[in-house]
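Only one structure is covered here, and it is reproduced in the block below.
In our numbering, the protein residues as written are 7 to 316.
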């Protein structure tokens with residue numbers, strides 16, 4: 007069995023190769039472009055893989071992605087129609103995304119930003135106590151990431167709801183589903199957290215139409231994909247006072263270009279796609295278990311439904 011690790015963005019690909027070799031001593035694991043003979047790989051583990059992957063590795067039995075989002079993989083040239091694409095199921099990302107979202111919920115609801123400004127001014131002035139009922143959280147997406155975010159917020163007694171296409175229930179939260187449930191979900195939401203997969207149906211969902219349906223003085227947190235956000239609509243909503251703040255971890259394109267208006271806007275907090283990183287040990291263990299299951303002819307979870315695009 008041969009496994010190739012292929013990435014054009016991973017800073018330390020050799021570490022992933024070493025971890026895969028440790029986890030699967032029965033397999034030959036090699037790094038893409040290392041000069042070894044090509045065309046014999048059974049499986050590929052990828053993150054932003056090269057465009058000619060399938061031309062140079064035509065025998066692949068499955069493709070494993072180091073993230074949960076597969077929108078970029080679906081656009082790869084020459085992607086075989088029958089090749090299973092397997093997304094990462096958590097891999098330590100969910101708890102990090104919950105931390106990220108919860109940090110921004112707490113910062114806004116407890117006015118910690120104002121306290122920082124007061125400290126800079128040497129001002130001792132307690133603000134009003136928190137009213138949790140005024141800080142309703144709504145999470146777009148009920149998968150592993152969205153569910154963990156929602157449950158973390160609900161655990162601190164923020165009224166929390168989840169919306170998904172299927173209306174999947176998340177314990178401890180209110181559930182909304184489908185197009186018919188989206189308007190009611192948005193109308194009760196003040197802090198909107200996006201954890202959706204990027205598909206044709208969800209591209210641009212963070213737009214003026216969505217912002218206009220939120221509760222007043224709303225906050226938007228995007229931890230999914232940059233393609234979900236209509237940037238001009240966000241800036242307009244902030245300037246109109248429709249939104250009070252935004253926390254953005256993902257962009258289109260990435261890195262966020264120098265001189266982009268988000269950099270200098272005090273109402274927007276920018277981070278460089280770090281809300282949920284794939285933890286190497288958990289990720290490699292998950293991939294190794296699935297490759298072995300495929301070798302035994304057993305079904306695995308996490309296989310992408312190409313029609314749904316996740």
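Heads up, the beta-carbon is just placed ideally off N, CA and C, and yes, glycines get one too.
Reduced DSSP secondary structure (H/G/I, E/B, other) of residue i
| i | result |
| --- | --- |
| residue 290 | helix |
| residue 304 | coil |
| residue 115 | helix |
| residue 169 | strand |
| residue 284 | coil |
| residue 198 | strand |
| residue 144 | strand |
| residue 314 | coil |
| residue 254 | strand |
| residue 133 | coil |
| residue 153 | helix |
| residue 229 | coil |
Straight-line gap, residue i to residue j (C-alpha atoms, nearest Å)
| i | j | result |
| --- | --- | --- |
| residue 299 | residue 38 | 24 Å |
| residue 94 | residue 183 | 24 Å |
| residue 287 | residue 21 | 11 Å |
| residue 120 | residue 127 | 11 Å |
| residue 260 | residue 175 | 33 Å |
| residue 317 | residue 190 | Examination of residue 317 is not possible in this model, given that the chain is present from 7 through 316 alone. |
| residue 208 | residue 8 | 36 Å |
| residue 122 | residue 111 | 16 Å |
| residue 289 | residue 314 | 24 Å |
| residue 100 | residue 148 | 12 Å |
| residue 114 | residue 266 | 24 Å |
Beta-carbon separation (whole angstroms), residue i vs residue j, contact threshold 8 Å
| i | j | result |
| --- | --- | --- |
| residue 168 | residue 309 | Not quite, the Cβ-Cβ distance comes to about 23 Å (not below 8 Å), so this is no contact. |
| residue 142 | residue 194 | 6 Å |
| residue 85 | residue 60 | 6 Å |
| residue 77 | residue 235 | Contact doesn't hold; Cβ gap of about 14 Å is too wide. |
| residue 74 | residue 49 | About 19 Å; that fails the 8 Å criterion. |
| residue 30 | residue 306 | 15 Å between Cβ atoms; not a contact. |
| residue 255 | residue 274 | Going by Cβ atoms, the distance from residue 255 to residue 274 rounds to 11 Å, so no, they are not a contact pair. |
Residue-chain proximity (residue i, chain C), Cβ-Cβ < 9 Å
| i | result |
| --- | --- |
| residue 125 | In summary, chain C is missing from the structure at hand, where a single protein chain is found. |
The segment 195-203 in contact with the segment 221-240 per 3-pair CB rule at 8 Å
yes
Residue ranges of each beta strand (DSSP E) within the segment 31-99, 3 or longer
34-37, 49-53 and 68-71
Quick test of the definition: if touching needs 3 or more C-beta pairs under 8 Å, does the segment 42-49 touch the segment 23-30?
no
Check whether the segment 213-221 and the segment 237-251 are in contact - that is, three or more C-beta pairs closer than 8 Å.
Touching, per the Cβ criterion.
Spell out a yes or no on whether the segment 92-112 and the segment 154-168 are touching, meaning 3 or more CB-CB pairs, one atom from each, closer than 8 Å.
yes
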